[in-house]
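Here the sequence shown is numbered in our numbering, starting from 1195 and rising by one per residue.
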Amino acid sequence: MSILDCTAVELSKRIKAGEYTAVEAMTAVFERIAEKEEEYHCYITADKESALKRAEETQKKIEAGEITGPLAGVPAAVKDNLCTKGVLTSCASRILSNFVPSYSATAVENLEKAGAVMVGKTNMDEFAMGSTTETSYYGVTKNPVNPGHVPGGSSGGSAAAVALGECFMALGSDTGGSIRQPASYCGVVGLKPTYGMVSRYGLVAYGSSLDQIGPLTKNVADAAYLLEAVASYDEKDSTSMKEAERDFTGALTEDVTGMRIGIPRDYFGEGLDAEVKTAVLTAAETFKKAGAVVEEFDLGMVEYAIPAYYTIATAEASSNLERFDGIKYGYRTEEFEGLHNMYKKTRSEGFGEEVKRRIMLGSFVLSSGYYDAYYLKALRTKALIRKAFDEAFAKYDLILGPVAPSTAPKLGESLSDPLKMYLGDIYTISVNLAGLPGISVPCGKDGNGLPIGMQLIGDCFTEKKLIRAAYTYERASVGAPVPV
1195 MSILDCTAVE LSKRIKAGEY TAVEAMTAVF ERIAEKEEEY HCYITADKES ALKRAEETQK
1255 KIEAGEITGP LAGVPAAVKD NLCTKGVLTS CASRILSNFV PSYSATAVEN LEKAGAVMVG
1315 KTNMDEFAMG STTETSYYGV TKNPVNPGHV PGGSSGGSAA AVALGECFMA LGSDTGGSIR
1375 QPASYCGVVG LKPTYGMVSR YGLVAYGSSL DQIGPLTKNV ADAAYLLEAV ASYDEKDSTS
1435 MKEAERDFTG ALTEDVTGMR IGIPRDYFGE GLDAEVKTAV LTAAETFKKA GAVVEEFDLG
1495 MVEYAIPAYY TIATAEASSN LERFDGIKYG YRTEEFEGLH NMYKKTRSEG FGEEVKRRIM
1555 LGSFVLSSGY YDAYYLKALR TKALIRKAFD EAFAKYDLIL GPVAPSTAPK LGESLSDPLK
1615 MYLGDIYTIS VNLAGLPGIS VPCGKDGNGL PIGMQLIGDC FTEKKLIRAA YTYERASVGA
1675 PVPV
């Protein structure tokens, strides 16, 4: 078996047993990057010399017994909207194309404390605004199964890198499905934790009330270990939850006996691809055979999720991106006349089309005369969506549904119709609006061989139930996905 076939946890065990070294693992990763990266373009920044130096330092600490954790020595990738000290953090945008942070995000620091070794920074949709990883200033990332298709987004670079073996695990961020959807498209596991479970300090914000950092991995066990490593209370993040339980690996047991799983009828109506529907309902049968009680129910409010999400997300984005003005850091236009002209030219040249579109939408819904009609109404809708989930979780432990209406679309299709791209988030965005945890697990392939993912949704801080159910399904079905 090749070293690249190992899961993250398995690799760490072998490194600590002396079968491999962290340097050998990183060398194998960069050999795969040299082989695949030109075609698939998963990374924005990947410095082999620096990565090997970090691996060498980590190996010495492992041998000295200073690092003993279950992820020690494992090469990991980080989405390029997470600040990394001394390493370019561009958010895949021209406006931050020269920004090198003086500090690291708390999640990145926790990753390093666990003994993982950063490979580099992965490509993404610019400022996490997109569902295809095609809006990046640095170029398009391609689907690892079929390069004629998108890998999903905005964490497409992280998902594709894991699937291709260009890292063993990765961190992404999820504002409306940006971990779960690319995981589904690329055939890997993606976990969006409860809002407040992982510190957002050092994450360049898109929608502050929606963003959450989470793992993309080869299997469910790796996701549990990685989440356990990066989740922590952080006084630097006012939304970080102090009392939340963060023992996730204890849930890695095959047992869903008596667990009640609800399937929303609303998720299986018009617009859902027949092959996706069949794959998810087949997964439901697997849960039944494993001892779970599975039944259909009406969730409600599904049709209001898209307008509510894009009203709130764009409003928050227009506010968060106001800071990028060419004054303190980042790109600045070369020729300008006066301060206001410099602002306009810098932002016009620095931001891409999708980011400009969302800033303009957000500014509109927050403007005088429209604030009550759009933004406040969206906040009320958000509360109703949360109430609908509360009622569902009074009856069910988990909710099962698709991640996306179809498998990965072809390159260019989504950008030609932004509204269609937005509608593709219909099954994922409600989770962010309600602050819930969700996990995407591979559950089959379509007729073209493209991966299909199912989504399990839990109530706040019930990650252990999610992980237990996902692990049980994975073990009972086809097993963990193998890198392409």
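Ideal placement from N, C-alpha and C gives every residue a C-beta, glycine not left out.
ask   = Excluding five sequence neighbours on each side, which residues of the same chain lie with their C-beta closer than 6 Å to the C-beta of V1559?
value = T1505, A1509, Y1568, Y1569
ask   = In whole angstroms, what separates the C-alpha of D1199 from that of E1229?
value = 16 Å
task = Consult DSSP for T1534 and reduce its assignment to one of helix, strand or coil.
result = Strictly speaking, residue 1534 in this sequence is His, with Thr absent from that position. Helix at H1534.
ask   = Just the Cα atoms here: how many angstroms apart are G1465 and V1382?
value = 24 Å
task = Indicate whether A1418 and C1380 have their beta-carbon atoms separated by less than 7 Å.
result = no
inquiry  = Within 10 Å of its beta-carbon, does R1248 have 16 or more other beta-carbons around it, so buried, or fewer, so exposed?
reply    = buried
task = Closer than 6 Å by C-beta to G1544: which residues in its own chain qualify, once you throw out the five before and the five after it? Chain order, please.
result = R1288, I1289, Y1525
request  = Using alpha carbons as the reference points, say which of Y1503, L1410, S1325 lies closest to L1555.
outcome  = Y1503
query = Are the CB atoms of K1659 and D1591 nearer to each other than 7 Å?
reply = yes
CB-CB length for V1302 against L1265, believed under 8 Å = Rounded, the Cβ-Cβ distance is 13 Å, inconsistent with contact.
inquiry  = Output needed for T1666: all residues of its chain with C-beta closer than 6 Å, excluding positions within five of it in sequence on either side, in chain order.
reply    = E1448, V1450, A1484
request  = Please state whether DSSP places A1473 in a helix, a strand or coil.
outcome  = helix
query = Name the DSSP beta bridge partners of L1650, please?
reply = L1594, I1633
ask   = When the Cβ atoms of the segment 1455 to 1474 are set against those of the segment 1594 to 1611, are three or more pairs found closer than 8 Å?
value = yes
F1491: first and last residue of the uninterrupted alpha helix (DSSP H) it sits in = Unbroken run through F1491 is the beta strand (DSSP E), 1487 to 1491; no alpha helix (DSSP H).
task = On a CA-only basis, which of T1326, V1339, L1404, Q1649 is nearest L1605? Give me that one, please.
result = T1326
inquiry  = If you reduce the DSSP assignment to three classes, tell me which class M1700 lands in.
reply    = Coverage of the chain is limited to positions 1195 through 1678, which leaves residue 1700 absent and any answer about it impossible.
inquiry  = Please classify M1195 as buried or exposed, where buried requires at least 16 neighbouring CB atoms within 10 angstroms.
reply    = exposed
query = Rounded to a whole number of angstroms, what is the C-alpha to C-alpha distance between N1292 and R1580?
reply = 40 Å
ask   = Since T1411 sits in a beta bridge, which residues does DSSP pair it with?
value = M1363, V1383
task = Identify, in the order they occur along the chain, each residue of the same chain with its Cβ nearer than 6 Å to the Cβ of T1575, setting aside the five sequence neighbours on each side.
result = Y1498, A1502
Limits of the beta strand (DSSP E) - the one that I1455 falls within = 1454 to 1458
task = Tell me, to the nearest whole angstrom, how far the beta carbon of S1403 is from that of S1372; I am working on the premise that it is less than 8 Å.
result = Between S1372 and S1403 the Cβ distance is about 15 Å, and since that is not below 8 Å, they are no contact.
query = So is Y1389 buried or exposed if we call it buried at 16+ other beta carbons inside 10 Å?
reply = buried
key: Span separating the alpha-carbon of Y1616 from that of A1415   = 31 Å
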